[in-house]
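Asks:
Number of protein chains: 2
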Amino acid sequence: MTTLFKDSLSVINVGLAGFAEDIAAAGGACVALEWQPPAQGDRDAAWALATIFNHSQVEEANALAFGRFASAQPVLVDVAPARDAIPGMAGGRRIILHAGPPIAWPKMCGPMQGAILGAAVLEGWASSMEAAARLVETGSIELEPCHHHGTVGPMAGIVSPSMPLWVVENKAHGNRAYSNFNEGLGKVLRFGANGAEVIDRLRWIASDLAPALRATLARTGGIELMPLMAQALNMGDEVHNRNAAATSLFFKRIAPAMFETNVARDAAAKALAFIAGNDHFFLNLSMAACKAMLDSAADVPGSSMVVAMARNGVNFGIRLAGTGTQWFEAPANPIDGLYFPGYSLADAAPDLGDSAITETAGVGGFAMAAAPAIVKFVGGTSTDAMHHSLRMRAITLGTLASFTLPSLDFAAAAAGIDARKVVDSGILPVINSGIAHRQAGVGQIGAGVTYAPMACFAAAVKTLARQIGASAT
Amino acid sequence: MTTLFKDSLSVINVGLAGFAEDIAAAGGACVALEWQPPAQGDRDAAWALATIFNHSQVEEANALAFGRFASAQPVLVDVAPARDAIPGMAGGRRIILHAGPPIAWPKMCGPMQGAILGAAVLEGWASSMEAAARLVETGSIELEPCHHHGTVGPMAGIVSPSMPLWVVENKAHGNRAYSNFNEGLGKVLRFGANGAEVIDRLRWIASDLAPALRATLARTGGIELMPLMAQALNMGDEVHNRNAAATSLFFKRIAPAMFETNVARDAAAKALAFIAGNDHFFLNLSMAACKAMLDSAADVPGSSMVVAMARNGVNFGIRLAGTGTQWFEAPANPIDGLYFPGYSLADAAPDLGDSAITETAGVGGFAMAAAPAIVKFVGGTSTDAMHHSLRMRAITLGTLASFTLPSLDFAAAAAGIDARKVVDSGILPVINSGIAHRQAGVGQIGAGVTYAPMACFAAAVKTLARQIGASAT
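If you read the sequences in order, they're chains F and A.
The first sequence maps to residues 21 to 493 in my numbering.
The second sequence maps to residues 21 to 493 in my numbering.
Encoded structure:
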């Protein structure tokens with residue numbers, strides 16, 4: 021100690037920058053290291069984390085879960101009404117699925133409530149929005165998360181029994197996942213709009229578009245979705261908020277085959293024009309593919325791999341492979357983004373929708389480096405986009421060899437979020453997202469970048485550590 | 021002089037690195053500046069250059085030429101047989117157009133000769149390749165460059181009277197440009213293949229594909245090509261050797277409309293499947309659009325702007341806006357690239373085709389930064405691709421605001437090559453190119469990057485300087 025202060029010192033300051041500033045002010049040399057304690061200071065989470073870091077049971081479980089995820093082969097195999105595709109929606113049950121973790125009707129955000137009322141009218145359960153509201157308030161319509169039925173829906177994520185769904189089968193594992201059809205932009209149900217124009221479009225999707233696509237799919241046979249997504253990642257998409265290339269590639273696969281069906285020419289022309297006119301059309305296919313990939317990794321005891329991230333417009337929820345069907349929730353973060361003229365953060369509903377299933381699978385915000393043009397939609401620069409993709413490598417279990425990022429010299433996309441690494445590093449999963457107006461019916465008012473809340477991952481790690489501690493005793 | 025050597029010296033060495041090494045070996049400090057004399061040491065060209073650098077007549081002419089080019093609006097307006105579209109091919113004339121500057125039959129490379137013989141059989145002028153060869157050798161078939169008829173064709177660039185052409189009109193200037201149809205990859209006429217499979221495909225293109233597209237175009241009305249190309253540049257294409265996005269976007273425009281025509285369902289399905297199966301399909305549309313843009317800048321006396329670069333498989337030729345129809349030629353450079361398995365540089369025909377019209381218009385190699393995935397096809401890294409685009413800024417007159425490069429944070433593409441800047445800087449226009457086997461019929465054996473030869477630009481600058489000197493006296 022007597023010698024320590026005789027020599028000139030080279031000091032590294034970890035954490036709070038104030039100490040470093042004091043040393044510098046006193047004429048000393050000091051390097052300030054930006055550091056935060058794990059779990060943003062949640063002591064219990066940090067302790068739980070320490071018990072399961074480099075834990076052989078977790079490592080083995082993660083290897084198994086990630087292996088199943090990385091070897092998935094999602095194939096679009098059919099189009100079918102929800103009541104036919106999903107067992108829990110059959111038999112005339114009055115049920116409506118919504119995005120995110122479970123939430124009771126009174127707590128739902130405006131767009132989700134608006135969309136549920138629209139679906140009730142679409143189904144013929146009520147003849148007006150007021151009548152629909154009474155049905156929901158009296159519990160005559162059941163409300164459950166999409167995720168509880170192998171399904172994912174963007175924004176409000178509403179699925180009612182008559183709605184046609186994409187049916188995606190993971191050929192490597194045998195599981196199936198579902199998503200609804202993309203309605204385009206403007207006044208659409210998923211942003212809470214429920215006027216006549218919206219209901220009419222949904223009726224046409226069910227009566228014309230879906231049968232045309234079902235007949236076309238019967239001609240093409242199943243369509244492998246990972247190769248389409250991989251190509252799209254090399255064509256400027258991140259297959260969440262930018263699906264311009266993926267939609268075009270999908271369109272190229274189906275248009276010639278539609279001529280070989282019995283679909284009437286005018287109906288076919290209208291169906292194709294609808295798809296060609298909506299660069300987001302592939303989003304729901306991307307989501308169903310990601311859900312099919314991730315569901316094959318679910319239910320692996322001990323695994324800290326995140327298999328779902330979803331938002332109900334109030335809370336953000338995640339599920340781990342190792343903790344079954346349990347949701348770990350926290351209030352959803354606001355979205356930093358580009359707002360359409362006349363709107364601002366004050367008008368925005370909180371982060372909403374099941375579409376964060378794409379980030380959970382390593383695309384979307386995780387693959388932003390593939391999509392420099394996305395920054396025109398969500399803000400930032402193309403350099404930011406690269407940095408997002410690079411940073412996600414610190415919190416993931418591996419990479420998907422078939423998903424490559426051109427601007428990073430074709431590095432494979434980082435995927436398979438490890439909840440432990442999120443808690444340890446403080447690096448939060450990045451999510452590209454559309455922004456809904458907080459009131460039903462207004463629609464999309466922007467798009468931006470947000471982050472999954474730390475509290476979800478801290479809670480998940482605590483629960484996983486308790487389970488592993490219990491199984492170890 | 022006596023004081024000079026008393027102080028320690030900081031030396032900058034310009035040019036040959038040997039001097040710098042000597043100084044460093046003697047213990048001195050020396051910065052070596054990489055520099056070459058203008059025109060790669062061609063004294064006359066350097067002198068000519070000095071007389072027209074910052075010359076008001078040239079600057080004004082370039083502003084006029086570049087302005088016409090940058091304001092062009094190429095629109096696909098029709099599909100028509102060459103004999104109907106091009107006045108010089110009407111009236112039963114036995115004429116075949118080829119790529120690049122003029123060249124006599126005996127000097128042509130293998131692929132071009134093979135393609136010409138195939139076209140003669142296609143036209144019914146001969147019943148065998150031997151008979152076709154006799155017709156050509158005896159001068160019974162006229163051979164002229166595509167560029168002499170407002171036309172551009174990739175690789176051999178063969179256009180015969182019955183072949184359907186894309187008709188592109190520059191709505192801003194009223195001029196028209198033409199290109200033939202893309203046959204796909206494998207055994208195709210443009211690489212010199214001329215077997216039954218090739219001729220049959222060309223017959224089907226004329227009898228089925230072209231009429232189907234003509235009828236569809238009549239439904240859609242003219243299709244603006246610059247917006248399609250601009251979108252494709254934001255989707256990983258450089259619209260020369262990568263046209264995956266542009267082809268998809270074009271496909272999306274026409275497929276719904278084809279259902280609204282009277283084209284038979286099976287013919288339509290086959291036509292659409294052919295386009296959907298060929299990611300290069302849009303190339304010929306890109307070329308015709310670039311030709312239409314550049315032709316509006318031609319014939320501006322005094323301008324040093326390059327309005328055409330083209331290769332006939334032996335020589336590389338350029339034309340300036342200020343020197344009318346004159347070609348400035350030099351032997352074509354070899355192509356550094358990726359060869360298909362079993363082939364090497366020794367098998368390659370020299371640089372071939374009119375497709376360098378894309379680089380002349382600021383896309384292709386000039387826009388490589390937009391297309392990192394192109395490096396999988398032509399070699400190099402995505403960083404190389406960015407550097408190519410940045411370097412071209414040094415030899416161009418301006419940028420095209422509507423063509424943006426995402427990985428350079430949406431910088432506008434450099435365009436409008438100034439022959440003076442090429443001669444002055446020694447920076448040669450970069451060109452992405454397919455590589456043909458030197459023998460007719462083998463087809464494509466690779467793709468790569470090459471450069472326009474300096475001698476073309478040196479000769480052009482000398483001629484322009486002579487003309488301006490003459491007009492000034």
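Beta carbons are placed, not taken as given, at the ideal position from N, Cα and C, and that holds for glycine.
Please read all numbers here as calculations on a predicted model, not as lab measurements.
Using DSSP's beta-bridge definition, name the partner residues of TYR363 (chain F).
Replies: The residue given as residue 363 (chain F) occupies position 343 in the first sequence. Per DSSP, none; premise fails for TYR363 (chain F).
Asks: What residues from chain A crowd round ALA70 (chain F), counting only those whose CB sits closer than 7 Å?
Replies: Along the first sequence, read from residue 1 onward, the residue named residue 70 (chain F) stands at position 50. Per Cβ cutoff of 7 Å: no residues; ALA70 (chain F) is ~40 Å from chain A at best.
Asks: Cα-Cα, which of F:VAL95, F:VAL78, F:ARG63 is closest to LEU305 (chain F)?
Replies: Locating residue 305 (chain F) in the first sequence gives position 285, counting from the first residue. The option with the nearest alpha carbon to LEU305 (chain F) is F:VAL95.
Asks: Under 9 Å between the Cβ atoms of PHE336 (chain F) and ALA296 (chain F)?
Replies: To locate residue 336 (chain F), count along the first sequence from 1; it is residue 316. To locate residue 296 (chain F), count along the first sequence from 1; it is residue 276. Contact flag unset, no.
Asks: How should THR23 (chain F) be labelled, buried or exposed, when 16 other C-beta atoms within 10 angstroms of its C-beta is the threshold for buried?
Replies: Here residue 23 (chain F) refers to the residue found at position 3 of the first sequence. So THR23 (chain F) ends up on the exposed side.
Asks: Using a Cβ-Cβ cut-off of less than 7 Å, give me the residues of the segment 337-362 of chain F that come near chain A, in sequence order.
Replies: none
Asks: What residues from chain A crowd round ASN254 (chain F), counting only those whose CB sits closer than 9 Å?
Replies: Position 234 of the first sequence holds residue 254 (chain F). GLY256, ALA264, PRO392, ALA393, LYS396, listed in chain order.
Asks: Could you check the C-alpha separation between THR236 (chain F) and GLU258 (chain F) for me, to the nearest Å?
Replies: Against the first sequence, residue 236 (chain F) aligns to sequence position 216. Against the first sequence, residue 258 (chain F) aligns to sequence position 238. About 26 Å.
Asks: Kindly indicate which residue of A:MET183, A:VAL443, A:ALA414 has the alpha-carbon position closest to the one of LEU117 (chain A).
Replies: Here residue 117 (chain A) refers to the residue found at position 97 when the second sequence is read from its first residue. Here the closest residue by C-alpha is A:MET183.
Asks: Let's see if you can read the secondary structure: which residues bound the beta strand (DSSP E) around LEU96 (chain F)?
Replies: On the first sequence, position 76 is the one that residue 96 (chain F) refers to. Run containing LEU96 (chain F): 94-101, per the beta strand (DSSP E) assignment.
Asks: To the nearest angstrom, how far is the alpha carbon of VAL208 (chain F) from that of GLY463 (chain F)?
Replies: As a working note, residue 208 (chain F) is residue 188 in the first sequence. As a working note, residue 463 (chain F) is residue 443 in the first sequence. Each residue's Cα considered, the two are about 7 Å apart.
Asks: Spatial neighbours of ALA525 (chain F) within its chain, please: CB distance less than 6 Å, with the 5 preceding and 5 following residues excluded, ordered by chain position.
Replies: Chain F is shown only over 21 to 493; residue 525 (chain F) falls outside these bounds and no answer can be derived.
Asks: What's the call for GLN133 (chain A), buried or exposed, on a 16-neighbour Cβ count within 10 Å?
Replies: Taking the second sequence and counting its residues from 1, one reaches residue 133 (chain A) at position 113. By the 10 Å Cβ count, GLN133 (chain A) comes out buried.
Asks: Give the straight-line distance between the Cα atoms of ALA289 (chain F) and PHE301 (chain F), rounded to the nearest whole angstrom.
Replies: On the first sequence, position 269 is the one that residue 289 (chain F) refers to. On the first sequence, position 281 is the one that residue 301 (chain F) refers to. Cα to Cα, ALA289 (chain F) sits roughly 16 Å from PHE301 (chain F).
Asks: Could you check if TRP55 (chain A) is buried or exposed, using at least 16 other CB atoms within 10 Å of its CB as the buried criterion?
Replies: Locating residue 55 (chain A) in the second sequence gives position 35, where the first residue counts as 1. Flag for TRP55 (chain A) reads exposed.
Asks: Does MET474 (chain A) come within less than 9 Å of chain F when only Cβ atoms are used?
Replies: Walking along the second sequence from the start, residue 474 (chain A) turns up at place 454. Chain F contact via Cβ: absent.
Asks: Which residues in the same chain have their Cβ closer than 8 Å to the Cβ of PRO473 (chain F), if we skip the five residues on either side of it in sequence?
Replies: In the first sequence, counting from the first residue as 1, residue 473 (chain F) sits at position 453. Here the set comprises PHE336, ALA350, PRO351, ALA352, ASN353, LEU448.
Asks: Would you kindly work out how many angstroms separate the C-alpha atoms of MET388 (chain A) and LEU484 (chain A), rounded to a whole number?
Replies: Residue mapping note: residue 388 (chain A) aligns to position 368 of the second sequence, counting from 1. Residue mapping note: residue 484 (chain A) aligns to position 464 of the second sequence, counting from 1. Rounded to whole angstroms, MET388 (chain A) to LEU484 (chain A) spans 30 Å at the Cα level.
Asks: Between the segment 80-95 of chain F and chain A, which residues of the former have a C-beta closer than 9 Å to a C-beta of the latter?
Replies: none
Asks: Go to CYS50 (chain F), then tell me how far its alpha helix (DSSP H) extends in each direction, as first and last residue.
Replies: Translated into the one-based positions of the first sequence, residue 50 (chain F) becomes position 30. No alpha helix (DSSP H) contains CYS50 (chain F), which is instead part of the beta strand (DSSP E) from 49-53.
Asks: Please tell me whether THR419 (chain F) and ALA439 (chain F) are closer than 9 Å, where the distance is taken between their beta carbons.
Replies: One-based indexing of the first sequence puts residue 419 (chain F) at position 399. One-based indexing of the first sequence puts residue 439 (chain F) at position 419. Contact flag unset, no.
Asks: By the 7 Å beta-carbon criterion, what residues does the segment 404-434 of chain A contribute toward chain F?
Replies: PRO426, SER427, ASP429
Asks: Measuring CB to CB, does ALA431 (chain A) end up less than 9 Å from GLY256 (chain A)?
Replies: Start at 1 with the first residue of the second sequence, and residue 431 (chain A) comes out as number 411. Start at 1 with the first residue of the second sequence, and residue 256 (chain A) comes out as number 236. Cβ distance not < 9 Å, so ALA431 (chain A) and GLY256 (chain A) don't count as in contact.
Asks: Bridge partners of LYS451 (chain A), per DSSP?
Replies: Counted from its first residue, the second sequence places residue 451 (chain A) at position 431. Note that residue 451 (chain A) is Ile in the sequence shown, not Lys. Note: ILE451 (chain A) sits in a beta bridge opposite A:THR470.
Asks: Could you tell me whether any Cβ in chain A is nearer than 9 Å to the Cβ of SER402 (chain F)?
Replies: Locating residue 402 (chain F) in the first sequence gives position 382, counting from the first residue. Look at SER402 (chain F): its C-beta is under 9 Å from a C-beta on chain A.
Asks: Identify which residue in F:ASN332, F:THR380, F:LEU245, F:VAL481 has its Cα closest to the Cα of TRP186 (chain F).
Replies: Against the first sequence, residue 186 (chain F) aligns to sequence position 166. If we check each option's Cα against that of TRP186 (chain F), F:LEU245 comes out closest.
Asks: Report yes or no: is there a C-beta of chain F within less than 9 Å of the C-beta of THR493 (chain A)?
Replies: Reading the second sequence from its first residue, position 473 is the one you call residue 493 (chain A). Residue placement at THR493 (chain A) is flagged as unreliable, the pLDDT there being 46, under the threshold of 50; the coordinate-derived value follows with that caveat. THR493 (chain A) does not count as touching chain F.
Asks: Looking at the secondary structure, which residues open and close the beta strand (DSSP E) in which ALA435 (chain F) lies?
Replies: Residue 435 (chain F) sits at position 415 when you count from the first residue of the first sequence. It spans 431-437 - the beta strand (DSSP E) in which ALA435 (chain F) sits, taken as one unbroken run.
Asks: Can you say whether THR345 (chain A) is buried or exposed, counting buried as having 16 or more other CB atoms within 10 angstroms of its CB?
Replies: Residue 345 (chain A) sits at position 325 when you count from the first residue of the second sequence. By the 10 Å Cβ count, THR345 (chain A) comes out exposed.
Asks: Below 9 Å between beta carbons: does that hold for VAL320 (chain A) and ALA85 (chain A)?
Replies: Working through the second sequence from its first residue, we reach residue 320 (chain A) at position 300. Working through the second sequence from its first residue, we reach residue 85 (chain A) at position 65. A contact, by the Cβ cut-off of 9 Å.
Asks: ALA467 (chain F): which of F:ILE488, F:SER324, F:GLY399, F:ALA275 sits nearest, CA to CA?
Replies: Within the first sequence, numbered from 1, the residue matching residue 467 (chain F) stands at position 447. Ranking the options by Cα distance to ALA467 (chain F), first place goes to F:GLY399.
Asks: Taking all protein chains shown into account, decide if THR401 (chain A) is buried (16 or more other Cβ within 10 angstroms of its Cβ) or exposed.
Replies: Taking the first residue of the second sequence as 1, we reach residue 401 (chain A) at position 381. The residue in question, THR401 (chain A), is exposed, as its Cβ has fewer than 16 Cβ neighbours within 10 Å.
Asks: Note down, one range per segment and in chain order, each alpha helix (DSSP H) of at least 4 residues found wholly within the segment 327-415 of chain F.
Replies: 377-380, 395-398, 402-411
Asks: Using the Cβ count rule (16 or more neighbours within 10 Å means buried), how would you classify ALA366 (chain A)?
Replies: Taking the second sequence and counting its residues from 1, one reaches residue 366 (chain A) at position 346. Answer is exposed; the Cβ neighbour count stays below 16.
Asks: Go through the segment 75-134 of chain F residue by residue and report every complete run of the beta strand (DSSP E) that reaches 3 residues or more, in order.
Replies: 94-101, 115-118
Asks: From the beta carbon of MET278 (chain A), is the nearest beta carbon of chain F less than 9 Å away?
Replies: Position 258 of the second sequence, counted from the first residue, corresponds to residue 278 (chain A). Yes, because at least one Cβ of chain F sits closer than 9 Å to the Cβ of MET278 (chain A).
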